[in-house]
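Asker: Quick one: the structure is below, questions incoming.
Number of protein chains: 2
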Amino acid sequence: MKRKVTLKQIARELDVSISTVSKSLRNSPEISEDTRQKVQAFAKLYNYKPNNIALSLKNKKTKTIGIIIPEIVHHFFATVISGIEQVANENGYNVIVCLSDESFDKEVINMEMLATGSIDGFIMSLSKETQLKKDFHHIVEVINQGMPVVMFDRITNDVFCDKVIIDDQMAAYEAVEYLINKGFKKVALVTTVDYVSVGKLRTEGYLKALRDNNMMAEEDMIVKIEDIDNCSVKIERLLEEQKPDAIFAVNELFAVTCIKLAAKMGVNVPDDLSVIGFTDGIISQFSSPAITTVSQNGIKMGRSAAKMLIDRLEMEEEDEHYRTEVIETHLVERESTPTL
Amino acid sequence: MKRKVTLKQIARELDVSISTVSKSLRNSPEISEDTRQKVQAFAKLYNYKPNNIALSLKNKKTKTIGIIIPEIVHHFFATVISGIEQVANENGYNVIVCLSDESFDKEVINMEMLATGSIDGFIMSLSKETQLKKDFHHIVEVINQGMPVVMFDRITNDVFCDKVIIDDQMAAYEAVEYLINKGFKKVALVTTVDYVSVGKLRTEGYLKALRDNNMMAEEDMIVKIEDIDNCSVKIERLLEEQKPDAIFAVNELFAVTCIKLAAKMGVNVPDDLSVIGFTDGIISQFSSPAITTVSQNGIKMGRSAAKMLIDRLEMEEEDEHYRTEVIETHLVERESTPTL
DNA sequence: CTGAAAGCGCTTACAG
DNA sequence: CTGAAAGCGCTTACAG
């Protein structure tokens, strides 16, 4: 077992000073061609690599990005990480991932843990609990300490920082209008509880689309789901009692659940019922029928967030001007809506 | 903007030495009750937190685990990360994630990048290209430097280290035997190319199950898929020409693809064709019909891998004895196989 | 051209 | 009880 070699050891071995070794390896012009070559050859032989931690301490930057997301076993978030990782890698950054598990406390703990030196900046999406509590002191604090934060998807307007979002309201509006234009008269909504920012915005888009088309929004046609695990009853009741001819669901789990429950009740999708989901994930692609959905390009969101963060990290002067980037969405037509 | 406060600043502020501040905060008995309280109060007021990087350099451990996996947009791997993260968190560790993108070079680069001080140990699953090349020098090197590595799922026997796997061959054997016991006579296999270790083992399990039941393994009943994106032709040909009554697919993507293609050809699952997949992911759960599958508990594998790594990191003496943990699997019966 | 010194932020054995 | 010193591994302004 040969342990990692340090400058000190090389210096001792070659009988020169540590400074000389360091400078040689960095090709400083101060050093004679001769010693430089000698040192470099030796370093190569022993596979010397500078210690990242020492560099971080010295340079006061770690070249790593902290990501805090609610969960990773969720296609959309995995997709965003993938995008972040691409850009991070291209720029010599690493990525450290923490999961809040939708818990406020875990989000706070993770942020504090990372904020003390481990990373240069954050990319995050709020936990449900944080959105419910509307307590963002941990984020504001980090920003005040001079550490940049980029929020994506589940954001809040109460914190000033860079953001990457989609236009949730508009995207929902377009999806619902698409259904209306197909001639559907009873378009139901399956959405989240209101405190989830994106759910709320998508709900608003739904309402607006109905309004603009002179259709009444009926309370009974809207199902708000708190917890995916026991949502079946509510959806079944919707299908039975309201008999909608189309459903707009604010995520793909809701959409596929609607389709499965409909099938169980003998309601055929798309013949008797059309369904549009949100987030173009693996479920939408592979469910039968494949689900028409609002695509939300996670890779792109991740790449964009990483770019914004790195730009800010490598900026010369501080810039108090924050940007919000809106990633475009579009409707992916598949089998859960009629083809003409 | 109030920047992070350091021991030095507290010391200056309170007009004591840095050592005194440090000791006070760590409740050293050397320090008088009086100054200790004073220092602690002040530190609390200014929200002092020791700098992780400085601690890492001093202690020569970073309390972070490096994860290298082929991709993250893959339910199984996301699941494993989630399990690792749980145990890491419980033990005060962070998790740094790198993706090899199935590329040997990226795997090597990422390992070297992390190995130089950033982390205390690795948890990894090999990229396809690495398995194809059978070049593991980067892993051996890291281990020789004294940095522990735990491999999971896609492993190799050519490297000595801790491992977490399932018994792929046995699990496949059981799945195929299950089909045979149901009375199916023409059980086809949809698998990966041979160099993917888990694919190969599952293939062997399939062959053994046939053999043990006095059934002939026919070449035409076995489809080996290199690349998911253009596998349709091969599977369609299998369905058309061989008309299997059951298919064992070595992952859920293959399984769902078989079902979708069968549906397109008017072959009903499970009435005309039974399908069993592998890896109990989101696709198996939500596809229609839901897919009977060999569950491979990613969370458990992740937890176990993290536990093994942390145990080794916190072990007093070096232990040259490596363990291989086998996580149990079981068949989850769903709609793609007959119910009786 | 080379090396000693200071410093990044911390801890701890040792001296006073 | 307090503080100076050494050290983790590195870089760089400065002296010689």
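Sequence lines, in order, name chains A and B. Just so you know, we're using the numbering used here here: the first sequence kicks off at 231 and counts up by one. Just so you know, we're using the numbering used here here: the second sequence kicks off at 231 and counts up by one. We treat Cβ as the ideally placed atom computed from N, Cα and C, and that holds for glycine. This structure is a prediction, so every number in the text was calculated from the model and none was measured.
1) First and last residue of the alpha helix (DSSP H) that includes Val453 of chain A?
2) Please list the residues of the segment 350 to 382 of chain A that have a C-beta atom closer than 7 Å to any C-beta atom in chain B, keeping them in chain order.
3) Flag this pair as yes or no: are the beta carbons of Ile295 of chain A and Ile349 of chain A separated by less than 9 Å?
4) What are the residues that DSSP puts in a beta bridge with Thr421 of chain A?
5) Which term fits Thr538 of chain A, buried or exposed, when burial requires 16 or more other beta carbons within 10 angstroms of its beta carbon?
6) Can you name, in chain order, every residue of its own chain whose Cβ lies under 6 Å from the Cβ of Asp398 of chain B, other than the five neighbours on each side?
7) Helix or strand or just coil, what does DSSP make of Leu209 of chain B?
8) Using only the alpha-carbon positions, how far apart do Tyr276 of chain B and Gln375 of chain A sit?
9) State the CB to CB distance for the pair Leu561 of chain A and Glu404 of chain A, rounded to an integer number of angstroms; the pair is presumed to be in contact (CB under 8 Å).
10) Does the beta-carbon of Asp450 of chain B have 16 or more other beta-carbons within 10 angstroms, so that it is buried, or is it exposed?
11) List the residues of chain B that Glu342 of chain A touches, going by C-beta distances under 9 Å, in chain order.
12) For the alpha helix (DSSP H) containing Lys438 of chain A, name the first residue and the last one.
13) Closer than 9 Å, Cβ to Cβ, to anything on chain B: give me those residues from the segment 466 to 486 of chain A, in chain order.
14) Where does Ala535 of chain B fall in DSSP's three states?
15) In whole angstroms, what is the alpha-carbon distance linking Glu544 of chain A and Gln515 of chain B?
16) Give me the Cα-Cα distance between Asp541 of chain A and Met377 of chain A, rounded to the nearest whole angstrom.
17) Label Pro510 of chain A either buried or exposed according to how many other C-beta atoms from any shown protein chain fall within 10 Å of its C-beta, with 16 as the threshold for buried.
18) Spatial neighbours of Thr421 of chain A within its chain, please: C-beta separation below 6 Å, excluding the five flanking residues on both sides.
19) Buried or exposed: which applies to Val406 of chain A, given that a residue is buried once 16 or more other Cβ atoms fall within 10 Å of its Cβ?
20) Is there a Cβ from chain B that is less than 9 Å from the Cβ of Arg233 of chain A?
21) Beta carbon of Val269 of chain B, beta carbon of Ile299 of chain B: below 9 Å?
22) What residues from chain A crowd round Glu315 of chain B, counting only those whose CB sits closer than 8 Å?
23) If you follow the beta strand (DSSP E) that Met354 of chain B is in, where does it begin and where does it stop?
24) Check each candidate in B:Val524, B:Arg233, B:Lys274, B:Asp475 and name the one with the smallest Cα separation from Gly347 of chain A.
25) Kindly indicate which three-state DSSP category Asp264 of chain B falls into: helix, strand or coil?
26) Report the neighbours of His560 of chain B on chain A: residues whose CB is nearer than 8 Å to its CB, in chain order.
27) Looking only at its chain, what residues have a beta carbon closer than 8 Å to the beta carbon of Ser333 of chain A, apart from the 5 residues adjacent to it on each side?
28) Alpha carbon to alpha carbon, what distance is there between Asp424 of chain B and His367 of chain B?
29) From Val497 of chain A to Ile410 of chain A, what does the alpha carbon distance come to, in whole angstroms?
30) Rank A:Lys464, A:Gln472, A:Leu329, A:Pro568 by C-alpha distance to the C-alpha of Phe484 of chain A and give the top, closest one.
31) Identify, in the order they occur along the chain, each residue of the same chain with its Cβ nearer than 7 Å to the Cβ of Ala318 of chain A, setting aside the five sequence neighbours on each side.
32) If you drop the 5 nearest sequence neighbours on each side, which residues of the same chain put their C-beta closer than 6 Å to that of Leu503 of chain A?
33) Would a check of beta-carbon distances place Ile298 of chain A closer than 9 Å to chain B?
34) Where does Met381 of chain A sit, in a helix, a strand or coil, going by DSSP?
35) With distances taken from CA atoms, which of A:Arg553, A:Ser534, A:Glu565 is nearest Val310 of chain A?
36) Please state the DSSP three-state secondary structure of His560 of chain B.
Answerer: Here's the rundown:
1) Run containing Val453 of chain A: none in the alpha helix (DSSP H); it sits in the beta strand (DSSP E), 452 to 455.
2) Going along the segment 350 to 382 of chain A in chain order, one finds Asn374, Gln375, Gly376 with a Cβ nearer than 7 Å to chain B.
3) Contact flag set, yes.
4) Paired residue(s): A:Lys454.
5) The question names Thr, but residue 538 of chain A is Met in the sequence shown. By the 10 Å Cβ count, Met538 of chain A comes out buried.
6) Counting only Cβ-Cβ distances below 6 Å, and skipping sequence neighbours, we find Val428, Leu431, Arg432.
7) Shown here, chain B extends from 231 to 570; a query on residue 209 of chain B therefore has no answer.
8) Whole-angstrom Cα-Cα distance: 12 Å.
9) The Cβ separation is near 7 Å, so the contact holds.
10) With fewer than 16 other Cβ atoms from the protein chains shown falling within 10 Å of its own Cβ, Asp450 of chain B counts as exposed.
11) Glu342 of chain A reaches chain B at Lys279, counting residues in chain order whose Cβ is nearer than 9 Å.
12) Following the DSSP letters along the chain, one finds Lys438 of chain A inside the alpha helix (DSSP H) bounded by residues 427 to 442.
13) So the list reads Glu482, Leu483, Val486, given in the order they occur along the chain.
14) Helix.
15) Glu544 of chain A and Gln515 of chain B: Cα-Cα distance of roughly 44 Å.
16) A direct Cα-to-Cα measurement between Asp541 of chain A and Met377 of chain A gives close to 13 Å.
17) Before going on, a small fix: residue 510 of chain A reads as Asp here, not Pro. Counting Cβ neighbours within 10 Å, Asp510 of chain A comes out buried, since at least 16 surround it.
18) Hits under 6 Å: Gly429, Thr433, Lys454, Val480.
19) Val406 of chain A comes out buried.
20) Yes, because at least one Cβ of chain B sits closer than 9 Å to the Cβ of Arg233 of chain A.
21) No, Cβ-Cβ distance for Val269 of chain B and Ile299 of chain B is not below 9 Å.
22) What Glu315 of chain B touches in chain A: Ile302, Val327, Cys328, Leu329.
23) Unbroken beta strand (DSSP E) run through Met354 of chain B: 351 to 354.
24) For Gly347 of chain A, the nearest C-alpha among the options comes from B:Arg233.
25) If DSSP states are grouped into helix, strand and coil, Asp264 of chain B belongs with the helices.
26) The contacting residues do not exist; His560 of chain B stays about 20 Å from chain A at best.
27) Excluding positions up to five away in sequence, the list reads Ser357, Glu359.
28) Distance between the alpha carbons of His367 of chain B and Asp424 of chain B: 22 Å.
29) Cα to Cα, the separation comes out at about 20 Å.
30) The shortest CA-to-CA distance from Phe484 of chain A to any of A:Lys464, A:Gln472, A:Leu329, A:Pro568 is the one to A:Lys464.
31) Only residues of its own chain outside the window of five on either side were considered, and among them Ile295, Asn324, Val325, Ala536 have a CB closer than 7 Å to the CB of Ala318 of chain A, listed in chain order.
32) So the qualifying residues of the chain are Ala492, Val497.
33) No, no contact with chain B.
34) DSSP places Met381 of chain A in strand when its eight states are reduced to three.
35) Comparing alpha-carbon positions, the option among A:Arg553, A:Ser534, A:Glu565 lying closest to Val310 of chain A turns out to be A:Ser534.
36) If DSSP states are grouped into helix, strand and coil, His560 of chain B belongs with the strands.
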